[in-house]
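Below is one structure; the comments refer to it alone.
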Amino acid sequence: MARAPTTLVDQPLPFLMEKGGKRPSNGQKQPSYIADHRQRLRSRFMQGGAAAMPDYEMLELVLFRAIPRRDVKPLARALLDRFGDFNRVITAPSTRLREVKGVGEAVIVELKIVEAAAQRLARAKVLRKHAISNWDALVDYCHTTMAHLETEQFRVLYLDRKNILIADDEQAKGTVDHVPVYPREVAKRALELNASALILVHNHPSGDPSPSRADIDMTKQVAIACDALGLSLYDHLIIGKSSELSFRSEGFI
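The sequence shown finishes on residue 588 if you use my numbering, and the numbering steps up by one all the way, no holes.
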């Protein structure tokens with residue numbers, strides 16, 4: 336009996352040629368040395384945790400999911416050479432990450448998932464918790480969220496009458512050395528939340544948390560606005576790369 340004509344459904348789908356005329360690597364088997372290396376890293380991580388691994392190996396673990404069949408060590412090294420450390424890699428803007436050869440959307444997505452997870456975990460330790468008795472966790476959260484940003488960011492933490500953190504608002508973003516702050520907007524938001532006190536937080540991308548004259552003047556303006564409304568300005572934290580400065584501790588408030 337003659338075979339029925341082959342339909343388009345029966346035909347194998349044509350593959351798309353990669354750049355240079357090569358077949359795509361989706362069906363290619365992962366080289367054994369890459370598989371062995373990845374298994375060793377995963378085992379070491381599970382046995383010793385992150386403390387047992389340098390930044391480039393932690394970065395490799397993240398890149399494994401985005402690039403399943405290639406050696407990712409050169410890319411991990413390139414990212415660290417460009418940005419400096421693991422934290423600065425995962426918090427780097429997508430536009431700058433794309434400048435590194437080998438970084439595509441899959442890599443950016445994985446890095447941003449790690450960044451978001453770290454921030455969410457740190458936030459969960461402080462939101463709806465007593466801010467003053469939980470001060471170390473609060474400072475850790477600020478470092479996780481802001482220490483490695485390349486531009487200034489200004490946040491306000493709002494507290495209720497029992498000093499419970501009820502809101503964490505990003506008020507503004509700026510340049511590498513300036514962020515616009517509007518005291519009236521800070522005070523207005525406090526009234527909306529029925530807050531009783533607040534903590535100002537901003538970062539210095541330079542890494543040095545020493546306050547500028549503008550930082551001191553802005554803090555005074557916010558304090559005046561708070562006084563007029565019966566609000567307490569508990570502190571102003573400046574977050575540097577590896578340390579922070581408290582206006583209250585330094586006598587500025």
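Beta carbons are placed, not taken as given, at the ideal position from N, Cα and C, and that holds for glycine. Quick caveat: nothing in here was measured; it's all calculated off a predicted structure.
Out of Ser545, Ala370 and Ala466, which has the shortest C-alpha to C-alpha gap to lysine 576?
In this structure, Ser545 is the residue among Ser545, Ala370 and Ala466 with its C-alpha nearest to the C-alpha of lysine 576.
Could you give the DSSP three-state label for leucine 568: helix, strand or coil?
strand
For alanine 451, the first and last residue of its enclosing beta strand (DSSP E):
Per DSSP, alanine 451 belongs to no beta strand (DSSP E); it is in the alpha helix (DSSP H), 440-459.
I need the straight-line Cα distance from aspartate 562 to phenylalanine 587, nearest angstrom please.
16 Å
Looking at the unbroken alpha helix (DSSP H) that takes in glutamate 291, where does it start and where does it end?
Residue 291 is absent from the structure shown; the chain starts at 336 and stops at 588.
What residue range does the beta strand (DSSP E) around asparagine 538 cover?
532-538
At least 3 beta-carbon pairs within less than 8 Å: the stretch 401-417 vs the stretch 453-462:
no
By the three-class DSSP mapping on this structure, what secondary structure does valine 435 have?
coil
My understanding is that leucine 500 touches alanine 532, with C-beta atoms under 8 Å, so please give their C-beta distance in whole angstroms.
That belief does not hold up - the Cβ atoms of leucine 500 and alanine 532 are roughly 10 Å apart, past 8 Å.
With distance defined between alpha-carbon atoms, name the residue in Ala459, Ala482, Arg373 and His465 nearest to aspartate 543.
Ala482
Rounded to whole angstroms, what's the CA-CA distance from histidine 539 to isoleucine 573? Just pull it up for me.
7 Å
Are the stretch 552-560 and the stretch 435-454 in contact at 8 Å, needing three or more beta carbon pairs?
no
Classification of serine 578 by the beta-carbon crowding that lies within 10 angstroms, buried from 16 upward:
exposed
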